[in-house]
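Heads up: the structure comes next, in structure tokens.
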Amino acid sequence: MFGDEVGRLKSLRPFPLHGLSYWDVAVEFDDGRIEQARLGPEGVPEGLQLGDRVVVRKAAMTIIGLERDVEGS
498 MFGDEVGRLK SLRPFPLHGL SYWDVAVEFD DGRIEQARLG PEGVPEGLQL GDRVVVRKAA
558 MTIIGLERDV EGS
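Heads up, the sequence shown is in this note's numbering, so the first residue is 498 and it goes up one at a time.
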């Protein structure tokens, strides 16, 4: 039920809610799929930019966080 996939960050928009900055993200995977999620500040590393390669952390097929893909950079 847990897993990681590598993709490219396609969209990153801030979404302020109750004084915190959440993020609406979209990631395109190597097979062309695009998945979207709304993540809390702990789920998005600072300084990510569009086009960056990211490791997508998933639980029950739902994105729960992003990390920089240091191996694929």
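Glycine residues also receive a C-beta, built at the ideal position from the N, C-alpha and C atoms.
Annotation for Q546: no beta strand (DSSP E) segment contains it, and DSSP assigns it neither H nor E.
Taken in chain order, the complete alpha helix (DSSP H) segments of 4 or more residues contained in the region 512–539 number zero; there are none. Contact between L506 and V551 holds: CB atoms are separated by about 5 Å, below the 8 Å threshold. In terms of Cβ geometry, D521 and R530 do not form a close pair [threshold 7 Å]. DSSP lists no beta-bridge partner residue for E568. Rounded to the nearest whole angstrom, the CA to CA distance from I561 to H515 is 20 Å. Taking all protein chains shown into account, G504 has 16 or more neighbouring C-beta atoms within 10 Å of its C-beta and is therefore buried.
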